[in-house]
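Below: the structure, in structure tokens.
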Amino acid sequence: MAGRKALNSAINKFCFAIDRGGTFTDIYARCPGGKVRVMKLLSEDPSNYPDAPREGIRRILEEETGKSMPAKEPLDTSLIEWIRMGTTVATNALLERKGEPTALAITKGFKDLLYIGNQSRPKIFDLEIVTPDVLYEEIIEVQERLILQQDKCQLEKNNLRAVTGITGEKLDVWQEIDKEQLRKDFQKVLDKGIKSLAVVLLHSYTFDGHENEVGNLAKEMGFTHVSLSSHVMPMVRAVPRGYTACADAYLTPHIKRYVTSFASGFQNELEGCRVLFMQSDGGLTPMQKFNGSRAILSGPAGGVVGYAVTTYKKESNLPVIGFDMGGTSTDVSRFDGQYEHVFETTTAGVTIQAPQLDINTVAAGGGSMLMFRSGLFVVGPESAGAHPGPTCYRKGGPLCVTDANLVLGRILPDYFPKIFGPNEDQALDKEATHAAFEKLAREVNEFLSSQPEGAHKDAMSVEEVAMGFIRVANESMCRPIRALTQAKGHDTSKHVLACFGGAGGQHACAIARSLGMSMVFIHRYAGILSAFGMALADVVHEAQEPCALEYKSGSFQSIDERIEAMRKQCIEELEKEGFPRTHIEAEPFLHLRYQGTDCALMCSASSDEYKADANSCQHGNFEKAFTDKYKREFGFTISGRPIIVDDIRVRGTGKTYFDDNDEIKASGRPPTIEKVIKCYFEDGGMLDTSLYLLDELSCDHVIQGPAILIEKNSTILVEPNCRASITSHGDVKIQIGSGKIKTIDTELDTIQLSIFSHRFMSIAEQMGRILQRTAISTNIKERLDFSCAMFGPDGGLVANAPHIPVHLGAMQETVQYQMTALGDDLHEGDVILTNHPSAGGSHLPDFTVITPVFYKGADRPVFFVASRGHHADIGGTTPGSMPPNSKSLHDEGAVFKTFKVVENGIYQEEALIEQLMAPGKRPGNSGTRNLHDNLADVRAQVAANQKGINLITELIDIYTLEVVQAYMAHIQHHADIAVRDMLKEIGRRTKERTGTTKLSAVDYIDDGSPLVLNIDIDVTEGTAVFDFTGTGPEVYGNLNAPRAVTMSALIYCLRCMIGHDVPLNQGCLKPVTAIVPKGCFLNPSDGAAVVGGNVLTSQRIVDVVLKAFAVCAASQGCMNVTTFGAHDLGYCETVAGGAGAGPTWDGRSGVHSNMTNTRITDPEILERRYPVVLRRFELNAGTGGNGLYRGGNGVIREMLFRRPLTLSILSERRAFRPYGMKGGEPGKAGKNYLIYNDGRVVNLGGKTSVDVQAGDVFQLQTPGGGGYGVAEGEIDPSQPASKKRKYDAVASHHYQEKGSVYAYRLAQEQA
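Residue numbering for the sequence shown follows our numbering, beginning at 117 and increasing consecutively.
Right, here's the structure in full:
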């Protein structure tokens, strides 16, 4: 039974809602008669109980019934109506790699597909590339192959069996399953004791026949758990679907064991008692259906349901931002009447394809570590975790956010659980925290006194230092909240902040004020809201199928029939769970995208505005729902473009109707002040602060800040100028006052420096969001190949985002060139477009749009903003404007040196079109082949710049022009200090090792041209000269690199060697003098071809810098740019290779390195959209250099062409191998082979363009990485270099980022 009737009857029995978290287990219990009990236990306490949820149930039952219930006896379930639980069991198993031993069965030729993944690395500045280990232990290659039929395919078919997939797509069976071989392979795996299997066959999302055959054989032979990717999540894209199947096979048996263990603590193993588990999508599911791929966010999902149900449209009509700050993580999410789901997320390095609430983990919570680094206050991302925890936990931990709150009087040890110290019975250690802050304050003050302007400043007190860290922590949490809301086109300030979790109440007022919000809402169960959310949640059953139909009248009948079949399935399943039909809703969704784009949106047409009409299917006007959502998120729609249905989904919901809105009575008297304490605030210092016990407050109480409200599980800080009131249900509503703007002068304030650093980066990020929303091309909108930046009045870079390596620092030269070129001819209303290499450009497809900013009548620009985006085609000799054989700049497309695309506020569209088409006037060349997208994207870049102008102008209005410009200079100065500190340290280490601070290296590009570098480090001043004298002359080809690319490579290398975050701006290069002789191929003439310099020579510059510093062996040193096309299509990809080994690590195999981090197209998408068959994509064993630590292996990638095309390849390291270091051997060189359909094999060389025919095969072998150190003994080259490891974030104490904001940033860094 369920629904309203069942829950009313539950008054006579106990109902339990439980959140089993990483540190604590929270329990909400509704007892017979309506009494509520709340309990918090340690999740792991083996000396006292084996399972925390069961123990909590036992204690409450025993205390409430008065009956003895011994801990070791099964509990009486006749007293229990239902148990609802969220658990981190799946997440912890994933993080710690403690799931079920699993094997992977995958299509032959793709055994390393999930190891390679999308070939990008998670942290672009880490020389040691650490990626999470795969979840499987054994691989079985299944000899089978399905190929999608294509109309223009010219390959011979030879009586192949044809099948039709569920999407309507037709496929040819190129190879039937070799069951005899498969049986042998399965037996070998079973003999090793592995009983769980994931099956991932290409194109099984549409045709599951082969996977079913493999699964049936596996079960027949004795595998106890089989996860078929086509059943776990039938969505196109083999890699994320494969990860999801592996996660399911790895986690589901582990979860089943936990569920069985939990049930064994009850009589009859909970038979007759309704036990539901929370899924990642915010819906409950019966215990027996709870599985691994949908359990990742089981705990946090309860919190989202909790605040959504208790806050939305309760005290305000505004949408809600959920802010869940605990001891080890901070999660933010959004609710506006519907749960916001994402369908692909990465957790602990594993990409899961399944509906999940968009919960963004953005910080480490109270455990975020505090550091003072090169003059900057830094909070996180490192976390002290639960062990050792902050300093005050008495375990020798570092200073953290919790410590800062303790020192400031915002956490009171007397009201905090006494669970610390060796016997776990002591209070928080305020003395140790204060002593640690005194030491840190001395460090801060020593730095300040060493600065020229700091000698006359007063020393900072412990409280001022702690307050500084709190302000920086708050600002660092505001950044992702802005990103989360603005990404979808919402105004951040027009939200309510719903705060929960143990630590959130201490920061809520400050964060809401910073974001412009006027209200904070804190539920009375905020300390256990995830558990309470389990009680409020509905039971959900979902059905989903892939589709490939166009949304048009001819498809409506098929779409309606499939929706109706899935609706019936969902309703039937929920009726089996006891829900009456009146309590069941079934909502259909279509996953829609414009043809030719990758940006699919999951759309519902259930609201009244999308009712079905004559031009829609029966279940609603999904086209209008899609175009409205697209316009809100991206600012425009694409009229006339067909809309494709990727998936059909129905979400069935069994409504719970749980009611816990008991009203509290008014007291009729003023609130009782427990005591008055001293608490430190930014505005006013130490203030008398009234302390109240929340349980003693009534709905007629209004409390003026400053005040502290204490509740058993959390502390709420009501700041000055804020007012808290208690609602009729006992919740806390805080009205946020405006607060005083702190007066800041132009002198350096190290706290304000950190805050301005976040603000400036946030502005660059928000510019990027506008650019992505308003651009139209795939490159900018979906691949996110762009950067946005702001510059000081001298054109010096202040902040840029994202950190695409080849853009780092490069735009600074672009802006400064225009300042010199235009001089006094820069006016308000002007916008400049440029892409010329000698004007600071990287290569011609990268268009930079620069806007000078004039503030209130100033006659000179007070700052500049700019955006650089990669345009897919700007003309030239080949489609894509990246010709492998270009000999001059004009072969590569349209050229803009100094072009006013907007003059005096007037958009110069005719002149822009003329310039874009100009390359077509040259023989053998073409004007742009994509004029519409060029024009739209340039407009989007202008709009992004305007957003930056508006945001910086707001800052100036608050702080004054002089202060904002002063802090632009201060931030550049900080980067200067950080790089100087790094150069001093490197110089000292180098001198100890070699006796000198003069370093040198030489390497050669494949045509034999030398790349020479001499470095002279001044250890005293922390400066260095990078001298490229001796480098070969400009080449007759396109490996010439603009000077801006060389500078970007230097900034990239310096940031890698610093090893921690620093603002990447003009200051980074101030201690560095770069000598790049004019006329060499790193500083070529104006007309030199440069397209290969941007993608290849940039890699080699990094190689030679790292070689000079001897920090690691060479990585593959190449991007392996592969393009193919014809008059009607074009495709480009870069391909991974081996990473170099280092002094303590093996190089990663099959990954991008150095200046590139681009993702590769999924095999199923590649074969669906382009006339190729991917025959192989796997590691090339033995290509990494041997050594004490081995270089990573390159890959083999084979593409079979299905029709005549032109193939182009642009690659390096085909002649000169990636060097080893300290006695390590070099990696193997790469190879490019064309295998003609008659069997003839031809070596294409490193750079060429060739016509191919149907049946020809291109085989790419990418270079391996160099080894490090002299090898000890024999090494088996067939074994990969990487070692087994847990997810690296656990080892390095970083919080586990997740959610759409994290996914967006990763996508930017992988553009």
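Backbone N, C-alpha and C fix where the C-beta goes; we use that ideal spot for every residue, glycine too.
- Excluding sequence positions up to five before and after ARG1096, its CB lies within less than 6 Å of the CB of GLY1138, PRO1187, all in the same chain and listed in chain order.
- The Cβ neighbour count for GLY768, taken over all protein chains shown within 10 Å, is at least 16; the residue is labelled buried.
- LEU1304 places its beta carbon 8 Å or farther from that of GLY1382.
- Collapsing the DSSP output to three states places ASP1134 in a strand.
- Distance from the CA atom of LYS183 to the CA atom of ASN539, rounded to whole angstroms, is 30 Å.
- Between GLY770 and LEU690 a beta carbon distance of about 4 Å is seen, short of the 8 Å cut, so the two are scored as contacting.
- Per DSSP, the beta bridge partners of VAL834 are ALA823.
- In this structure GLN469 touches ARG357 by the C-beta definition: roughly 6 Å separates them, less than 8 Å.
- No residue range can be given for ARG1038, since it is assigned to no alpha helix (DSSP H) and is classified by DSSP as neither H nor E.
- In this structure, the CA atom of THR1136 is about 16 Å from the CA atom of THR1189.
- Beta-bridge analysis with DSSP links THR223 to VAL258.
- The three-state secondary structure of CYS1184, taken from DSSP, is helix.
- With contacts defined as CB atoms closer than 8 Å, PHE1144 and LEU1222 fail to qualify as a contacting pair.
- In its chain, beyond the 5 residues on either side, PRO1126, VAL1128 have a beta carbon closer than 7 Å to the beta carbon of GLY1146.
- Within its own chain, the residues whose Cβ lies closer than 8 Å to the Cβ of GLY1203, once the five positions on either side in sequence are excluded, are SER1004, LEU1005, HIS1006, listed in chain order.
- Per DSSP, reduced to three states, the secondary structure at LYS151 is coil, with no helix or strand assignment.
- Counting of Cβ neighbours within 10 angstroms places TYR1168 among the buried residues, the total reaching 16 or more.
- Counted as a single uninterrupted DSSP element, the beta strand (DSSP E) harbouring LYS849 occupies residues 848-852.
- With a cutoff of 8 Å on beta-carbon distance, HIS1086 and LEU869 are scored as near each other.
- DSSP places PRO1200 in the coil class of the three-state scheme, outside both helix and strand.
- Less than 8 Å separates the beta-carbon of PRO169 from that of PHE378.
- For SER841, DSSP records a beta bridge to VAL818, LYS849.
- Apart from the 5 residues on each side of it in sequence, ALA659 sits with its Cβ closer than 6 Å to the Cβ of MET682, GLN685, CYS686, VAL766 in its chain, given in chain order.
- If the five residues before and after THR743 are omitted, its C-beta is found closer than 7 Å to the C-beta atoms of THR753, all from its own chain and listed in chain order.
- One thing to note: SER449 has its Cβ within 8 Å of the Cβ of LEU473.
- By the neighbour-count definition (other C-beta atoms within 10 Å, threshold 16), SER669 is an exposed residue.
- Proximity to PRO506 across PHE493, GLU1008, LEU298, GLY482 peaks at GLY482, based on C-alpha coordinates.
- Here the C-alpha atom of GLU827 lies approximately 10 Å from the C-alpha atom of GLY621.
- The beta carbons of LYS268 and PRO1287 sit closer together than 8 Å.
- Here PRO786 is exposed, its C-beta having fewer than 16 other C-beta atoms within 10 Å.
- Beta bridge pairing from DSSP links ASP804 with LYS794.
- Here PRO538 carries a coil assignment [DSSP, helix/strand/coil].
- DSSP places LYS740 in the uninterrupted alpha helix (DSSP H) bounded by 738-750.
- When DSSP reads this structure, LYS1414 sits in a beta bridge with THR477.
- Rounded to whole angstroms, the gap between the alpha carbons of ASN1050 and GLU749 is 21 Å.
- Here SER163 is exposed, its C-beta having fewer than 16 other C-beta atoms within 10 Å.
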